[in-house]
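Participant: Here it is, the structure in full.
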Amino acid sequence: MGTLLQEINSPDDIKGLDLHSLEALAQEIRDQIIETVEQTGGHLGANLGVVELTLALHSVLSSPRDRIIWDVGHQCYAHKLLTGRREDFHTLRQMGGISGFPHPQESVHDHFGVGHSSTAISAAAGMAIARDLQGEDYSVVAVVGDGALTGGMAFEALNHIGSLGRDIVVILNDNEMSITNNVGAMSDYLGRIRSDTKLYKAREDLAALLLRVPLVGKPMSKVAHYFKNTLKSMLPGQLFEELGFAYLGPFDGHNIPQLKKAIKAGIHRGGPVLIHVYTQKGRGHALAEESPHRYHGVGPLQVVPKKGAVSFSEVFGQSVVELAKVNPNVVAITAAMRDGTGLGQFAKQFPDRFFDVGIAEQHALTLAAGMAKDGLRPVVALYSTFLQRGYDQVIHDIALQGLPVIIGVDRAGVVGDDGPTHQGVFDISFLRAVPGLTILAPRNGSELVAMLNWAISQGGPVAIRYPRGGTTDNAYQEKFSEGEQIPALELKPGRDGVIFAVGHMVDVALEAARLLEPEYSCGVVNIRSLKPLDESLLLKLARGTRYVLTLEDHVLAGGMGSSILELLSEQPGIKVQRLGYPDQFIPQGSIPQLHEAYGLTAQQVANTFRKAMSGGVYQLVASPEK
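See below:
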């Protein structure tokens, strides 16, 4: 590691550096990012691609007075290294360490908290309005990836800003990728812009020539007007200009002098300005350059996958492939998460029946609704945290019309190091309120397969939530009756009390029950269907014991435990205690660390049960153990 980076404690420290030093610093930053991410995991590709742009921004702007808003946050690592967090960078995405995303509580240089895509332009517009109404004077710059432009919110913001006419700079960081290859008309449009550099140069040369031609009389004025309109039509960024932005670019995103000049020009010009830069995702890392989609987000290199393990996402994807083989109406939809949701194999085998809509969860869900309305059987795979963005569509476009859409709610529960923006701990609560929606949660891969086979036969919408991580049990062993709801399953009877558990927490419950033997006889029930509940079995088991403990990888407010309380509210003499997450956003940390912090390990569950049996207080809200 070199010494330049060690001397950088704030953005002010780079302002006097010459080009040679800036380029050397860029290399040191890349080395540091690679070294750290190999240990901690993180978003590698985009962060390596944006190093020079980050240096140019901080060379020109004066942060924190000037606002730099990073969309998504997949490109903020260099920014963190330049803004006083170098010494703590090794704690990236670790419990108690620095966030993998911009975090206002972490630094005054992080002006807006992000984690989900397509928000930066709206936030920047709000800051620009606040600046002007309060008579302040500072620059506002939003840095947006090309993948983020597929999100409708980004276009809503662009449309609004163009009509406002306020000073704001949007930098389009175009690396031709979101997580997998970008899709759609916008991606095609940007591709044409990237290839139109010669046309752009020809336009500039023609404009310069016309300026040297003396215009005499009305005929020449008409000619000039004609040429003006012709030149506008030749402009690669015409779309953005029609939205009210001055378009500058495209520029080489790794050319620091060019980038500095463009940023200065954009700020000096005033009004809405879009600066188009193209960068190489994974730059400086040979494998990431060669396979950028594989190195968008990576885990620590020292972590070795469990032998024989397969992820829930892989089981889901393979199951949808098997369904599609026997049913030609089965189609699959995802939002820029083809491989992450396990649908890569489906896309290869059934390319005409696979639809990656880009970062557009709302569109994905209503697209599925339209397909289902006219006879197809759509399966939509979204991460739990991103399903939040399509809640209106779940209610009004799918459930209200009773359409047979299957929603795979991937990454349900805590997901670990990505932190509060990505924890999937709200889906049970917001989905439980939707009439006519069935909600299922498999314990393992085998149940996931069985649930998908059951769901495809239903006449209404079904959501299946499953966690991040692996399962070794994915053999198809059970078949649920098509005309009946999926029943709960008593895995272990108990005299003293019973644990109602859901999803992968069922195995935690079983281990807790084992730890309690022979002191206490603790029953375990696999809920399986969160909505509707298997009321008859659950009531029977609850009445047969004096104590019910609910266990879920989800917030307590409105979760599975709440539904059990509702069910048992009129049952006298039954004491209910709930274990889950309290009313707070769950921080970053590994999944085992978070489970331990919130009392959700097998030993802690056993201790909670034991304390209740010995006359302890029955708490209705769980808190992290001190």
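Numbering-wise, our numbering comes out as the position in the sequence shown, counting from 1, plus 2.
Don't be surprised by glycine CBs; every beta carbon is placed ideally from N, CA and C.
1) Nearest to residue 445 by alpha carbon, out of 402, 395 and 502?
2) Taking 7 Å as the cut-off, is the CB of residue 444 close to at least one heavy atom of the ligand SAH?
3) From residue 615 to residue 552, what does the alpha carbon distance come to, in whole angstroms?
4) DSSP on residue 335, reduced to helix/strand/coil?
5) Give me the Cα-Cα distance between residue 341 and residue 582, rounded to the nearest whole angstrom.
6) Report the three-state DSSP secondary structure of residue 62 (helix, strand or coil).
7) Starting from residue 176, follow the beta strand (DSSP E) in both directions and report where the run begins and ends.
8) My understanding is that residue 278 touches residue 319, with C-beta atoms under 8 Å, so please give their C-beta distance in whole angstroms.
9) Does residue 489 get closer than 8 Å to chain B when you measure Cβ to Cβ?
10) Hey, could you find the ends of the alpha helix (DSSP H) residue 545 is sitting in?
11) I'd like to confirm the pairing. Which residues does DSSP put opposite residue 313 in its beta bridges?
12) Quick one: Cα of residue 147 to Cα of residue 253, how far?
13) For a test of the three-state rule: what should DSSP assign to residue 248, helix, strand or coil?
14) Using three-state DSSP, classify residue 615 as helix, strand or coil.
15) Which of the three DSSP states is assigned to residue 528 in this structure?
16) Is the stretch 18–37 close to the stretch 105–118, with three or more CB pairs under 8 Å?
17) For residue 374, is the classification buried or exposed, using 16 other Cβ atoms within 10 angstroms of its Cβ as the cut-off for buried?
18) For the beta strand (DSSP E) containing residue 19, name the first residue and the last one.
19) From residue 273 to residue 175, what distance separates their C-alpha atoms?
20) In its own chain, which residues sit with a C-beta less than 7 Å from the C-beta of residue 150, not counting the 5 before and 5 after it?
21) In terms of residues, what are the limits of the beta strand (DSSP E) holding residue 82?
22) Can you tell me where the beta strand (DSSP E) with residue 582 in it begins and where it stops?
23) Counting pairs of beta carbons, one from the stretch 505–516 and one from the stretch 603–613, are three or more of them closer than 8 Å?
24) Work out the CA separation of residue 334 and residue 357 for me, nearest whole Å.
25) Determine the closest residue to residue 451 out of 612, 127, 314 and 66, with distance taken between C-alpha atoms.
26) Going by other Cβ atoms of all chains shown within 10 Å of its Cβ, with 16 needed for buried, is residue 195 buried or exposed?
27) What did DSSP end up calling residue 361 once you bin it into helix, strand or coil?
28) Following the continuous beta strand (DSSP E) through residue 256, name the residue where it begins and the one where it ends.
29) Mind checking residue 574: buried by the 16 CB within 10 Å criterion, or exposed?
30) Would you tell me roughly how many angstroms separate the C-alpha atoms of residue 142 and residue 267, rounded to the nearest one?
31) Give a yes or no on whether the C-beta atoms belonging to residue 434 and residue 488 are separated by under 8 Å.
32) What are the start and end residues of the alpha helix (DSSP H) that includes residue 100?
33) Check whether the Cβ atoms of residue 527 and residue 493 lie closer than 8 Å to each other.
34) Name the two residues that bound the continuous beta strand (DSSP E) containing residue 587.
35) Do the stretch 478–487 and the stretch 418–433 meet, that is, are 3 or more Cβ pairs less than 8 Å apart?
36) Specify the secondary structure class of residue 609 as computed by DSSP and reduced to three states.
Facilitator: Let me lay it out:
1) 502
2) Judged by which ligands are present, the structure shown has none, so any question about the ligand SAH falls away.
3) The straight-line gap from Cα to Cα measures roughly 15 Å.
4) strand
5) 30 Å
6) helix
7) 170–176
8) Contact flag wrong, Cβ pair sits at about 35 Å.
9) Checking the listed chains, one finds no chain B in this structure; it contains a single protein chain.
10) 537–545
11) Partner(s): 472.
12) Cα-Cα distance, rounded: 14 Å.
13) DSSP places residue 248 in strand when its eight states are reduced to three.
14) In the structure shown, residue 615 sits in a helix (DSSP, three-state: H, G or I).
15) Correct three-state label for residue 528: strand.
16) no
17) buried
18) Residue 19 -> no beta strand (DSSP E), and no H or E assigned at all.
19) 20 Å
20) Annotation for residue 150: 73, 74, 119, 120, 156 and 361 place their beta carbon closer than 7 Å to its own, counting only its chain and skipping 5 residues before and after.
21) Segment 79–84 is the alpha helix (DSSP H) holding residue 82; no beta strand (DSSP E) there.
22) 577–583
23) yes
24) 6 Å
25) 314
26) With a pLDDT of only 46 at residue 195, under the threshold of 50, the placement of this residue in the model should not be trusted, and no figure is reported.
27) Three-state result, residue 361: coil.
28) Note, residue 256: premise wrong, no beta strand (DSSP E); not H, not E.
29) Result: exposed.
30) 14 Å
31) no
32) Where residue 100 is concerned, there is no enclosing alpha helix (DSSP H), given that its DSSP letter is neither H nor E.
33) yes
34) Neither: residue 587 is in no beta strand (DSSP E) and is coded neither H nor E.
35) By the C-beta criterion, the stretch 478–487 is judged not to be in contact with the stretch 418–433, since fewer than 3 inter-stretch pairs fall below 8 Å.
36) helix
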